[in-house]
Structure formats: C-alpha cells, structure tokens
C-alpha cells in the first residue's frame with residue numbers, strides 16, 4: 040500500500056478533471072473540495088484514508104485547478120455538478136471496480152454530496168459532510184437573521200464582474216486574506232498552501248468559474264431542487280462541524296435528523312469553517328473511525344487518547 044499522492048487528469052462526464060490520488064485499496068473515497076479551495080485541501084486526510092484501505096481521489100471540480108472550465112453560468116448548476124460526481128464514480132468503477140464507495144465533501148463539495156445522496160444517482164456506502172448543512176436545514180435557517188446576515192456574500196456574488204475582479208486582484212490576495220482572517224488556526228495555512236490557492240484563482244477565467252457556482256445556485260438552481268423535495272437519505276452519514284464558522288451558523292444543523300436515517304454529528308469548538316485543514320488529525324481520526332463502523336471519537340476523547348498515547352475510541 041502506498042500513501043504517496045500523485046496527480047493525473049481523468050475524463051468524466053465529457054470533461055477533464057485534475058485528480059490527486061493516493062492509496063491502492065479495494066474501496067474508493069471521492070473527496071470534493073469547496074470554495075475557494077482546491078483538491079489540496081484534503082491533503083491531511085488522503086494518507087489516512089489510504090491507510091484505511093481506500094483508493095482516494097481528491098478532485099479539482101469543474102472550474103478549479105487544471106480541470107475543465109466551462110464558460111456559461113448554467114454549466115455550474117447543481118445537476119451538472121452532481122453529474123460530474125456520477126461520472127467520476129463510473130470512471131473509478133471502470134478502472135478498479137471498488138467494493139465500497141465513500142463520498143466526502145466540504146463546503147460546496149459537501150452541498151453537492153448532500154444532493155447526490157438525496158437523488159441517489161449512484162450507490163454510495165458512506166457520506167461524510169464537513170461544515171455545510173443539509174439543504175432543507177439551510178433553507179429553514181435563512182429565516183433567521185443570524186444566518187441571513189452570514190450569507191451576505193451570496194448576494195454580493197450575483198453582481199456582474201466586480202466580485203470576479205476582486206477575487207483575482209493582486210494574484211488572488213483576497214483569497215489569502217479570506218483564509219487567514221476567517222481561520223481560528225492560521226498557522227495551518229503555510230505560504231506554500233496559500234500560494235496554491237492564489238495561483239488557483241488567478242488562472243484565466245477561474246475566479247468567474249468559482250463564483251458561477253453561486254450564480255447558478257441563486258438563479259434557479261436551488262429552487263429546482265426544492266421543487267423536487269428532500270427525500271430521506273438512507274446512507275450512513277457523518278457530519279463534522281467547526282463551531283467557529285463565520286459563514287454558517289450552528290442553527291443550520293437543526294433538524295438534520297429528520298432527513299437522514301443514520302446520522303452522526305461531531306462538533307469541534309475552537310475550529311472554523313476550514314475544519315479538515317485546521318484539525319487534520321482529529322478530522323482524519325473521526326472519518327476513518329466512521330468508515331470502519333467504529334464509534335466516532337469526540338474532540339475531547341481524541342485529545343484524551345492522544346495525551347495517553349493510545350488510539351481514540
């Protein structure tokens with residue numbers, strides 16, 4: 040088994056995707072990043088998943104990295120983003136026919152993972168969600184001023200051109216500030232990692248593509264999904280939540296159990312929206328325990344076990 044991370048291009052859903060790959064296991068873990076991130080946001084979890092017997096793909100989703108960058112707002116609709124996930128799972132099936140599939144998502148990647156599990160486009164055995172609520176719970180939370188105030192940027196992103204220009208100005212300096220100012224532990228964002236994020240948003244058309252996810256969402260994408268309803272998710276689901284998230288209030292978690300049959304929640308006080316990057320060891324331990332169908336440690340249990348020099352339980 041190798042925990043070395045390599046990068047290659049994969050064709051799926053009539054597009055090309057840049058994929059970071061790790062592991063040689065018989066199970067498959069597909070990791071979806073958020074805004075304004077990159078597949079590298081999963082850098083700490085990939086070796087841990089590989090050691091747990093997974094072949095891991097952390098994909099740069101459409102518009103990011105060296106992946107295809109379609110030009111129209113509608114190219115970033117929820118339906119097309121879900122089709123990308125289905126295409127990537129199909130490609131993994133053709134390449135090595137995994138006996139289990141785990142879908143992991145953070146931020147926008149988590150939103151797409153929620154919808155994918157609801158719509159059951161392909162069978163998945165486990166769902167791991169980081170710091171994005173179930174869509175029905177997010178809709179309900181928007182009635183509260185606390186979340187409505189935190190969601191101001193979605194409206195700002197509907198303005199033509201201006202947010203795109205601000206995001207890529209000075210070679211993506213705004214993205215660097217976004218991570219450092221909203222993080223509870225900015226020391227985890229090294230200059231090398233920040234350089235990847237800044238280069239990512241500075242590519243021609245990249246800033247517009249990233250923001251077009253929000254434009255497609257606001258211009259009917261979410262309404263279409265609402266009209267389809269929110270069928271209960273039967274896939275085992277783990278939600279990990281950094282409680283100091285500046286964009287998403289914990290009230291967005293309320294009611295999740297009504298939409299998920301097998302639901303486990305672990306909260307991390309003192310950690311922000313960028314939870315898997317700020318708390319790499321504990322998040323990896325939670326995910327691998329969940330996928331192994333073991334008890335998922337709490338943050339306190341993880342710390343106590345680490346101090347005692349034993350595996351968390």
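Numbering (my numbering), first residue to last: 40 to 352. The C-beta atom is built at its ideal place from N, Cα and C for all residues, glycine as well. Since this is a predicted model, take the numbers as computed values, not measurements.
The beta carbon of residue 175 lies closer than 6 Å to those of 269, 298 in the same chain, with the five residues before and after it left out.
In the three-state scheme derived from DSSP, where H, G and I count as helix and E and B as strand, residue 300 is classed as coil. In the three-state DSSP reduction, residue 50 falls in the strand class (E or B). Within the same chain, and ignoring the five residues on either side of residue 185 in sequence, the residues whose Cβ sits closer than 7 Å to its Cβ are 288, 290. The continuous stretches of beta strand (DSSP E) do not include residue 185, which lies in the alpha helix (DSSP H) extending over residues 184–189. Residue 105 places its beta carbon 8 Å or farther from that of residue 115. Annotation: residue 125 to residue 89 spans about 22 Å, alpha carbon to alpha carbon. In this structure, residue 311 and residue 283 form a Cβ contact; the two beta carbons are roughly 5 Å apart against a cut-off of 8 Å. Counting along the chain, the unbroken beta strand (DSSP E) around residue 276 starts and ends at 275–281. Shortest Cα-Cα distance from residue 113 to any of 254, 48, 278, 67 involves 254. According to the DSSP secondary-structure assignment, residue 56 is paired through a beta bridge with 49. Closest in alpha carbon position to residue 304, among 325, 133, 313, is 325.
Sequence-distant partners of residue 206 (beyond 5 residues in either direction) whose C-beta falls short of 8 Å from its own C-beta, in its chain, are 75, 213, 214, 240, 246, 249, 250. The closest CA to that of residue 143, considering only 197, 236, 164, is found on 164.
One thing to note: residue 169 has its Cβ no nearer than 8 Å to the Cβ of residue 156.
Exclusion of the five residues before and after residue 197 leaves 254, 257 as the residues of its chain whose Cβ lies within less than 7 Å of its Cβ. Rounded to the nearest angstrom, the gap between the Cα atoms of residue 151 and residue 347 is 38 Å.
Shortest Cα-Cα distance from residue 235 to any of 180, 65, 82, 66 involves 82.
For residue 94, the three-state secondary structure derived from DSSP is strand. Of the candidates 119, 79, 273, 79 places its Cα closest to the Cα of residue 57. A buried status is given to residue 137, since no fewer than 16 other beta-carbon atoms sit within 10 Å of its beta-carbon. The C-beta separation of residue 178 from residue 265 comes to about 7 Å, placing the pair in contact by the 8 Å criterion.
Here residue 107 is near residue 54, since their CB atoms are less than 8 Å apart. DSSP places residue 337 in the coil class of the three-state scheme, outside both helix and strand. For residue 176, the enclosing alpha helix (DSSP H) covers residues 174–180. Between residue 173 and residue 153, the gap from beta carbon to beta carbon is short of 8 Å.
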